[in-house]
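K.L.:
These protein sequence lines map, in sequence, to chains A and B. Under numbering that gives the first Met the number 0, the letters of the first sequence match residues 0 to 329, in that order. Under numbering that gives the first Met the number 0, the letters of the second sequence match residues 0 to 329, in that order. Glycine included, each C-beta is placed from N, C-alpha and C at the ideal position. Since we're looking at a predicted model, the values are computed, not measured. The structure under discussion is supplied below as structure tokens; questions concerning it will follow.
2 protein chains.
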Amino acid sequence: MSKKKNRYVVGFDLGGTKMMAVVYDEAWKGCGRSRRKTKGFSGAVAGLERIRETIDRALEEAGIERDALAGIGIGVPGPLDSERGILLELPNLGWQNVAIKAELEKVFKCQVVASNDVDAGTYGEYRFGAGQGKRCVLGVFPGTGIGGGCVYDGVIIRGKAISAMEIGHMCVLPNGPLCGCGRRGCLEAVASRLAIAQAAAGAAYRGEAPYLQSVGGTDLTKVRSGVLAKAIAEGDTSVEVIVRRAAGWLGVGIGSVVNLLAPDVVVLGGGLVEAMPEIYLEAVEKSARKHAMPAFHDVFEIKAAELKDDSTARGAAAWADAVLQRGVTG
Amino acid sequence: MSKKKNRYVVGFDLGGTKMMAVVYDEAWKGCGRSRRKTKGFSGAVAGLERIRETIDRALEEAGIERDALAGIGIGVPGPLDSERGILLELPNLGWQNVAIKAELEKVFKCQVVASNDVDAGTYGEYRFGAGQGKRCVLGVFPGTGIGGGCVYDGVIIRGKAISAMEIGHMCVLPNGPLCGCGRRGCLEAVASRLAIAQAAAGAAYRGEAPYLQSVGGTDLTKVRSGVLAKAIAEGDTSVEVIVRRAAGWLGVGIGSVVNLLAPDVVVLGGGLVEAMPEIYLEAVEKSARKHAMPAFHDVFEIKAAELKDDSTARGAAAWADAVLQRGVTG
Chain A
0 MSKKKNRYVV
10 GFDLGGTKMM
20 AVVYDEAWKG
30 CGRSRRKTKG
40 FSGAVAGLER
50 IRETIDRALE
60 EAGIERDALA
70 GIGIGVPGPL
80 DSERGILLEL
90 PNLGWQNVAI
100 KAELEKVFKC
110 QVVASNDVDA
120 GTYGEYRFGA
130 GQGKRCVLGV
140 FPGTGIGGGC
150 VYDGVIIRGK
160 AISAMEIGHM
170 CVLPNGPLCG
180 CGRRGCLEAV
190 ASRLAIAQAA
200 AGAAYRGEAP
210 YLQSVGGTDL
220 TKVRSGVLAK
230 AIAEGDTSVE
240 VIVRRAAGWL
250 GVGIGSVVNL
260 LAPDVVVLGG
270 GLVEAMPEIY
280 LEAVEKSARK
290 HAMPAFHDVF
300 EIKAAELKDD
310 STARGAAAWA
320 DAVLQRGVTG
Chain B
0 MSKKKNRYVV
10 GFDLGGTKMM
20 AVVYDEAWKG
30 CGRSRRKTKG
40 FSGAVAGLER
50 IRETIDRALE
60 EAGIERDALA
70 GIGIGVPGPL
80 DSERGILLEL
90 PNLGWQNVAI
100 KAELEKVFKC
110 QVVASNDVDA
120 GTYGEYRFGA
130 GQGKRCVLGV
140 FPGTGIGGGC
150 VYDGVIIRGK
160 AISAMEIGHM
170 CVLPNGPLCG
180 CGRRGCLEAV
190 ASRLAIAQAA
200 AGAAYRGEAP
210 YLQSVGGTDL
220 TKVRSGVLAK
230 AIAEGDTSVE
240 VIVRRAAGWL
250 GVGIGSVVNL
260 LAPDVVVLGG
270 GLVEAMPEIY
280 LEAVEKSARK
290 HAMPAFHDVF
300 EIKAAELKDD
310 STARGAAAWA
320 DAVLQRGVTG
């Protein structure tokens, strides 16, 4: 049976370590997918070729041809010129100034909409997850860094030529710890998974976190979210204090953004949330409500993200579809 | 000569000390105005009556009847339920829960759109002033407090039931000075005209600001923006240091908002900017660029507001017109 033309949308998640393509039908059911390593180090030209192959494999699994595609939405881990579809810089991949929209449109003969991965994830939660139908959804994704996104009246808030909502780089502690961006006291420098890992590894080194120490937790690469959760469960109270403190800082930043954007819902996603939803969400929420103005104290909810692994692919696809249907500039 | 029906819009600026009504024609020319004291202390019922009289006097000056009005836009100094047009709290007037939209619609038989005064001022700059035609305009108005507004894709960013963009209540200095809102370390507590006045009055008291001391500047009510500018011009270097420091703090807050919203232009208005545009704007800009992420360093301009006294009335009228024409929820 032949599939109808122009009825499918591909969502693509370009991650630092993995890439994934999912083919969605009109009911947003995933009907084909392919996942492989990104291998950013092999360069952008080889990378674009891997992206093409990954999409083709997903199409093959779905049993449809390229000409059945209405569009492709791609979420990327870094700033981009969303109007022209150019990846400005992907530090985790070592790529710079890649015209991904033009390159993929040439190959697949359909429109391509590029967006920041966190923006795409937030849009996914707005369309299909914890922020469904809300007027203003703030997405916050603490991980190695801290990503943010905002969907306001159904549209992703973004800069003219670069993505925005860099909540991780709000200054929350003037002259505080050095951040990866070169400045001091950014939210990321006190509240990210990396900041937690640094503090927890220090506790392990000093003998204050016996379980963490026993699993090699003086090495930052080993202090992943799951390990932190396990250490807390095994009785490393110093680790719980560190996690709650970082979550409290995240609440400081979220409180300030609530005072600016008055979101209906704040959706928290990422590894820390998934590994310890109760402790982490509770600590973030307590601090965020304290740091919101009295008038904003009760007007927002804080919820865990619902889409998990597919959030970027699904959100990027849905945003591409919205852009194509409404003629909004992507 | 009789004037055409439904062709005029009234802009109303409800201030803490003064109220003003301006009648605008289709070319946004002011063709009638009336201004008087607010007298908030006499209560909301008497206040609504004064508002009615003020609008009627402006209509009279313009030589038009009530039925020539297409709508009324009113800007108010406090949080409001913009959908229902209810003033939630006007601390400077002592009013609470005033259904201003319903009350005025009953009297004038046309639609009334209420907005926050800073939102209205920012919209005015977007339509007629320093932010004309820009995709994202951030308005910042430091005064006794620090107000903020944002027009994104032609629409005022606002909460579901309350106005938003409370930039003055971002937390920039955890455990810092007490703010009027009851929390600590808000931008307003370190960078407002009141914070400057407190520091400058202290300098005058200690004999470090001879000119300011000579004009009674140990009394906070006397340390207005014009007096601060005069003191700097007369050689009170300690006052200049205080003003630059506060402007630097404002830049910390603006830098964080730039990282979130990536505005094309930041429009600064209010008394401090008008009294010492050069010193103040320079210090704010230097700090804001330093606190923006590298990727955002050069993508925004900082400009002085252009509309001055009429900005709230004009912006409120233009926003009302936009809401009525587009059917956007006000």
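In terms of residues, what are the limits of the beta strand (DSSP E) holding residue 96(B)?
P.N.:
Per DSSP, residue 96(B) belongs to the beta strand (DSSP E) from 94-97.
K.L.:
Following the continuous beta strand (DSSP E) through residue 14(B), name the residue where it begins and the one where it ends.
P.N.:
No beta strand (DSSP E) holds residue 14(B); DSSP gives it neither H nor E.
K.L.:
Run through chain A and tell me which residues come within less than 8 Å of residue 96(B), C-beta to C-beta.
P.N.:
None at all; the shortest Cβ gap to chain A is about 13 Å.
K.L.:
Looking at the structure shown, is residue 172(A) part of a helix, part of a strand, or coil, going by DSSP?
P.N.:
In the structure shown, residue 172(A) sits in coil (DSSP, three-state: anything other than H, G, I, E or B).
K.L.:
Would you call the segment 270-278 of chain A and the segment 233-243 of chain A touching, i.e. three or more CB-CB distances under 8 Å?
P.N.:
Because the criterion of three Cβ pairs below 8 Å is met, the segment 270-278 of chain A and the segment 233-243 of chain A touch.
K.L.:
So that I know if they touch, is there some Cβ in chain A lying closer than 9 Å to that of residue 1(B)?
P.N.:
Any answer about residue 1(B) is weak, because its pLDDT of 43 lies below 50 and its placement is not dependable; what the coordinates show is given next. Cβ-Cβ to chain A under 9 Å: no for residue 1(B).
K.L.:
For a contact defined as C-beta to C-beta under 8 Å, what are the partners of residue 267(B) on chain A?
P.N.:
The contacting residues do not exist; residue 267(B) stays about 17 Å from chain A at best.
K.L.:
Please state whether the Cβ-Cβ distance between residue 58(B) and residue 37(B) is less than 9 Å.
P.N.:
No, they are not a contact pair.
K.L.:
Counting only beta-carbon atoms, is residue 295(B) nearer than 9 Å to chain A?
P.N.:
Output row for residue 295(B): interface = yes.
K.L.:
Can you name, in chain order, every residue of its own chain whose Cβ lies under 7 Å from the Cβ of residue 163(A), other than the five neighbours on each side?
P.N.:
Closer than 7 Å at Cβ, skipping near neighbours: 156 and 157.
K.L.:
Assuming contact is defined by CB atoms lying nearer than 9 Å, are residue 139(A) and residue 267(A) in contact in what I supplied?
P.N.:
The answer is yes: Cβ separation under 9 Å.
K.L.:
At which residue ranges does the segment 230-290 of chain B contain complete beta strand (DSSP E) runs of 3 or more residues, listed in the order of the chain?
P.N.:
Those beta strand (DSSP E) runs which fall completely within the segment 230-290 of chain B and span 3+ residues are 264-267.
K.L.:
From 189(B), 23(B) and 48(B), pick the residue whose C-alpha is nearest to that of residue 60(B); which is it?
P.N.:
Measuring from the Cα of residue 60(B), the nearest candidate turns out to be 23(B).
K.L.:
What does the alpha-carbon distance come out to for the pair residue 82(B) and residue 100(B)?
P.N.:
Rounded to whole angstroms, residue 82(B) to residue 100(B) spans 10 Å at the Cα level.
K.L.:
Could you tell me the boundaries of the alpha helix (DSSP H) in which residue 209(A) lies?
P.N.:
Residue 209(A) -> alpha helix (DSSP H) spans 209-213.
K.L.:
Among 179(A), 184(A), 248(A) and 279(A), which one has its Cα closest to the Cα of residue 227(A)?
P.N.:
When each option's Cα is compared against that of residue 227(A), the closest is 279(A).
K.L.:
Is the CB of residue 181(A) under 9 Å away from at least one CB in chain B?
P.N.:
Yes - at least one Cβ of chain B is within 9 Å of the one on residue 181(A).
K.L.:
Suppose you measure from the CA of residue 332(B) to the CA of residue 167(A); what does that come to, to the nearest Å?
P.N.:
Given a span of 0 to 329 for chain B in the structure shown, any question on residue 332(B) remains unanswerable.
K.L.:
Could you pull out every residue in the same chain whose Cβ sits closer than 7 Å to the Cβ of residue 199(A), ignoring the five residues on either side in sequence?
P.N.:
So the qualifying residues of the chain are 208, 211, 216, 222, 227, 238 and 241.
K.L.:
Hey, out of 179(A), 161(A), 183(A) and 159(A), whose CA is closest to residue 170(A)'s CA?
P.N.:
Of the listed residues, the one whose Cα sits closest to residue 170(A) is 183(A).
K.L.:
Check whether chain A comes within 9 Å of residue 302(B), counting only Cβ atoms and requiring the distance to be less than that.
P.N.:
Answer no: the Cβ-Cβ gap between residue 302(B) and chain A never drops below 9 Å.
K.L.:
Between residue 210(A) and chain B, is any beta-carbon pair separated by less than 9 Å?
P.N.:
False, the Cβ-Cβ gap to chain B never drops below 9 Å.
K.L.:
Does residue 126(A) pass the burial test, meaning 16 or more other C-beta atoms within 10 Å, or should it be called exposed?
P.N.:
Counting Cβ neighbours within 10 Å, residue 126(A) comes out buried, since at least 16 surround it.
K.L.:
Can you pull the chain B residues whose beta carbon is under 8 Å from the beta carbon of residue 256(A), in chain order?
P.N.:
Under the 8 Å cutoff, chain B gives 259.
K.L.:
If we cut at 9 Å on Cβ distances, does residue 191(B) have a partner in chain A?
P.N.:
Not an interface residue.
K.L.:
Whose C-alpha, out of 214(A), 218(A), 129(A) and 220(A), is nearest the C-alpha of residue 230(A)?
P.N.:
Nearest option by C-alpha distance: 214(A).
K.L.:
Given this structure, state the Cα-to-Cα distance separating residue 190(A) from residue 308(B), to the nearest angstrom.
P.N.:
Straight-line Cα distance between these residues: approximately 43 Å.
K.L.:
Out of 102(B), 35(B), 65(B) and 33(B), which has the shortest C-alpha to C-alpha gap to residue 43(B)?
P.N.:
Cα-wise, what sits closest to residue 43(B) is 102(B).
K.L.:
On the DSSP letters alone, give me the boundaries of the beta strand (DSSP E) that residue 29(A) sits inside.
P.N.:
Segment 29-36, the beta strand (DSSP E) holding residue 29(A).
K.L.:
Let me make sure I understand the geometry here. Which of 142(A), 322(A) and 179(A) has the alpha-carbon closest to that of residue 246(A)?
P.N.:
Here the closest residue by C-alpha is 142(A).
K.L.:
Identify the contact partners of residue 151(A) in chain B, using a Cβ-Cβ distance below 8 Å as the criterion.
P.N.:
Correct list: 151 and 156.
K.L.:
Check the Cβ of residue 159(B) against every Cβ in chain A and list those closer than 8 Å, keeping chain order.
P.N.:
Those within 8 Å of residue 159(B) in chain A are 134, 135, 261, 263 and 298.
K.L.:
Mind checking who residue 85(A) pairs with in its DSSP beta bridge?
P.N.:
According to DSSP, residue 85(A) bridges with 80(A).
K.L.:
Are the CB atoms of residue 145(B) and residue 187(B) nearer to each other than 9 Å?
P.N.:
In this structure, residue 187(B) lies closer than 9 Å to residue 145(B) by Cβ.
K.L.:
Start and end of the beta strand (DSSP E) containing residue 166(B)?
P.N.:
Neither: residue 166(B) is in no beta strand (DSSP E) and is coded neither H nor E.
K.L.:
Going by DSSP, name the residue or residues bridged to residue 71(A).
P.N.:
Answer is 9(A) and 111(A).
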